[in-house]
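**Student:**
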Ligand code: SAM
Ligand code: SF4
């Protein structure tokens with residue numbers, strides 16, 4: 401069993417020797433965490449063992465502190481665009497797995513991709529996550545490149561997609577190079593489980609069955625020039641403590657090799673999927689309390705990494721997760737190809753949050769968060785190590801908050817219903833005071849005025 405840079409023995413030894421921290425130790429670790437320089441794996445392991453209510457409350461308070469210090473009150477919004485549910489793999493948890501005959505299979509034509517994109521643009525989306533099964537064989541790369549071109553080509557009055565991230569199967573270096581040239585933003589691929597035996601059992605057939613090839617995809621992506629990569633764990637397959645510590649090893653490996661870790665971490669929990677018994681009874685289902693703890697520990701351990709929550713989670717959990725450390729969410733999602741035009745059929749899994757974008761926005765605003773459609777950093781070349789250099793000294797707040805405001809204002813002017821616009825504008829006005837630098841505040845006020853008068857796409 402070759403697990404590459406994942407050192408199983410080390411992780412198990414942390415877990416064997418670590419005991420839940422007492423009040424004093426918890427306070428010490430959290431005091432260090434509040435310096436926003438991250439935690440080492442041994443400290444993360446201790447926090448993951450926390451069970452007592454007081455200790456957990458302190459953990460949550462520290463993660464809220466880190467979240468607001470670094471990101472302020474802004475939440476980035478995106479929509480997934482599923483283009484194909486054909487797949488040659490047999491992932492036991494997924495409805496798209498090859499032998500599942502209980503879903504309708506579909507690969508969108510370029511015209512259908514254009515139509516889906518138009519519908520998302522018309523809702524006000526600016527960021528898409530392109531998602532696909534692994535069923536197109538040798539045509540897959542060309543198809544994805546064409547899809548990206550089609551999506552970027554959609555212009556609808558005031559709307560367009562300004563950033564495409566992508567979640568597709570592991571590829572060779574040259575394919576990543578081509579994706580980079582096509583202006584792909586973050587490349588996402590979830591290891592699902594870092595535990596070798598579990599990985600092998602969960603992926604009995606198909607290209608994804610190769611643990612090491614899957615594990616080293618981010619190395620190849622970075623070699624191919626993609627400097628923003630997104631990792632993830634599918635929670636419920638194996639012990640979450642092992643998974644989190646292994647993912648931290650993955651991030652450390654990327655930092656040591658390429659000078660920058662991952663740009664985002666996704667935290668899906670297994671949801672019921674048609675034709676997957678395993679998805680109905682995940683072997684290591686993660687309870688809500690543990691899930692909160694995972695989010696908080698990660699926020700403190702890798703404070704500058706974006707954390708993504710999808711519509712797999714219900715509205716109540718999503719709201720809690722914002723204050724614990726989540727910085728990006730999907731909204732108004734469909735997980736079947738063609739889902740925005742033609743409704744549900746052939747879904748990947750069932751959603752926990754069925755609200756449309758506007759409903760999600762009203763809810764977020766009601767909780768004092770500014771929804772952000774900003775894509776400024778990427779378009780100014782602030783990605784990879786440059787982004788991290790900017791994020792680490794806390795500057796992200798200086799750019800992100802004003803940019804969240806101007807991109808949200810654009811949404812309010814062009815897409816929102818009257819009440820949403822009123823609530824959103826009130827929040828923007830109240831939040832201007834949170835911009836620390838006076839000059840930046842003045843520029844932001846001026847930009848908000850320009851957007852009101854018809855300008856678009858203004859960012860710092
Ligand atoms: N086919 C590519 C792959 O597997 O990496 C990318 C697309 S796949 C549809 C995206 C992700 O969906 C997977 O990485 C997996 O974590 C997640 N997923 C699959 N089945 C799921 C389920 N039942 N509940 C929640 N997430 C699931
Ligand atoms: Fe295919 Fe990805 Fe689903 Fe596995 S998780 S069956 S690779 S779509």
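Numbering (the numbering used here), first residue to last: 401 to 860.
Where is the CB? At the ideal position from N, CA and C, for every residue including glycine.
For residue 559, which of helix, strand or coil comes out of DSSP?
**Tutor:** Along the chain shown, one-based indexing puts residue 559 at 159. DSSP places residue 559 in strand when its eight states are reduced to three.
**Student:** Would the stretch 532-542 and the stretch 484-493 be scored as touching if the rule is three or more Cβ pairs under 8 Å?
**Tutor:** With a cut-off of 8 Å, the stretch 484-493 and the stretch 532-542 count as touching, because enough Cβ pairs lie within range.
**Student:** From residue 656 to residue 646, what does the alpha carbon distance come to, in whole angstroms?
**Tutor:** Within the chain shown, residue 656 is the residue found at index 256, counting from 1. Within the chain shown, residue 646 is the residue found at index 246, counting from 1. Roughly 15 Å between the two C-alpha positions.
**Student:** Less than 8 Å separating the Cβ of residue 689 from some heavy atom of ligand 1?
**Tutor:** Here the question's residue 689 lines up with position 289 in the chain shown. Checking every heavy atom of ligand 1 against the Cβ of residue 689, none is found closer than 8 Å.
**Student:** Taking all protein chains shown into account, do 16 or more other C-beta atoms lie within 10 angstroms of the C-beta of residue 697, making it buried, or fewer, making it exposed?
**Tutor:** On the chain shown, residue 697 is found 297 positions in, with the first residue counted as 1. Classification of residue 697: buried, given that the 10 Å Cβ count is 16 or more.
**Student:** By DSSP's criteria, residue 484 is part of a beta bridge. Which residues make up the other side?
**Tutor:** Along the chain shown, one-based indexing puts residue 484 at 84. Bridge partners of residue 484: 507, 532.
**Student:** Is any non-hydrogen atom of ligand 2 found closer than 8 Å to the C-beta of residue 490, if you look at the structure I gave you?
**Tutor:** Residue numbering aside, residue 490 sits at position 90 when the chain shown is read from its first letter. For ligand 2, at least one heavy atom lies less than 8 Å from the Cβ of residue 490.
**Student:** Inspect the beta-carbon positions of residue 562 and residue 527 and report whether they are closer than 9 Å.
**Tutor:** Numbered from its first residue, the chain shown carries residue 562 at position 162. Numbered from its first residue, the chain shown carries residue 527 at position 127. The answer is yes: Cβ separation under 9 Å.
**Student:** Given the structure, does residue 695 come close to ligand 1, in the sense that its CB is under 8 Å from one of the ligand's heavy atoms?
**Tutor:** As a first step, residue 695 must be located in the chain shown, where it is residue number 295. Every heavy atom of ligand 1 is 8 Å or more from the Cβ of residue 695, so no.
**Student:** Check for me: the beta strand (DSSP E) holding residue 629 runs from which residue to which?
**Tutor:** As a position in the chain shown, residue 629 is number 229, starting the count at 1. Where residue 629 is concerned, the enclosing beta strand (DSSP E) stretches over 629-632.
**Student:** Tell me whether residue 818 is buried or exposed, calling it buried when 16 or more other Cβ atoms sit within 10 Å of its Cβ.
**Tutor:** Along the chain shown, read from residue 1 onward, the residue named residue 818 stands at position 418. Label assigned to residue 818: exposed.
**Student:** Exposed or buried, what is residue 693 when buried is set at 16 or more other beta-carbons lying within 10 Å of its beta-carbon?
**Tutor:** Translated into the one-based positions of the chain shown, residue 693 becomes position 293. Buried: at least 16 other Cβ atoms inside 10 Å.
**Student:** Does residue 664 get closer than 9 Å to chain D when you measure Cβ to Cβ?
**Tutor:** Looking at the structure shown, chain D is missing, and only one protein chain is on hand.
**Student:** When every heavy atom of ligand 2 is checked, does at least one fall within less than 8 Å of the C-beta of residue 599?
**Tutor:** Against the chain shown, residue 599 aligns to sequence position 199. The answer is no for residue 599.
**Student:** Counting C-beta neighbours from all protein chains within 10 Å, is the total for residue 504 16 or more, i.e. buried, or is it exposed?
**Tutor:** Along the chain shown, read from residue 1 onward, the residue named residue 504 stands at position 104. It counts as exposed.
**Student:** Roughly how many whole angstroms lie between the Cα atoms of residue 407 and residue 419?
**Tutor:** Taking the chain shown and counting its residues from 1, one reaches residue 407 at position 7. Taking the chain shown and counting its residues from 1, one reaches residue 419 at position 19. Their backbone Cα atoms lie some 20 Å apart in a straight line.
**Student:** Is residue 478 helix, strand or coil by DSSP?
**Tutor:** Locating residue 478 in the chain shown gives position 78, counting from the first residue. Reduced to three states, the DSSP call for residue 478 is strand.
**Student:** Pull up the CB-CB distance for residue 679 and residue 493, whole angstroms please, since I reckon it's below 8 Å.
**Tutor:** By 1-based counting over the chain shown, the position of residue 679 is 279. By 1-based counting over the chain shown, the position of residue 493 is 93. Going by Cβ atoms, the distance from residue 679 to residue 493 rounds to 5 Å, so yes, they are a contact pair.
**Student:** Does the stretch 664-680 come into contact with the stretch 706-718, if we say contact requires no fewer than three beta-carbon pairs (one atom in each stretch) closer than 8 Å?
**Tutor:** Output reads yes: the stretch 706-718 touches the stretch 664-680.
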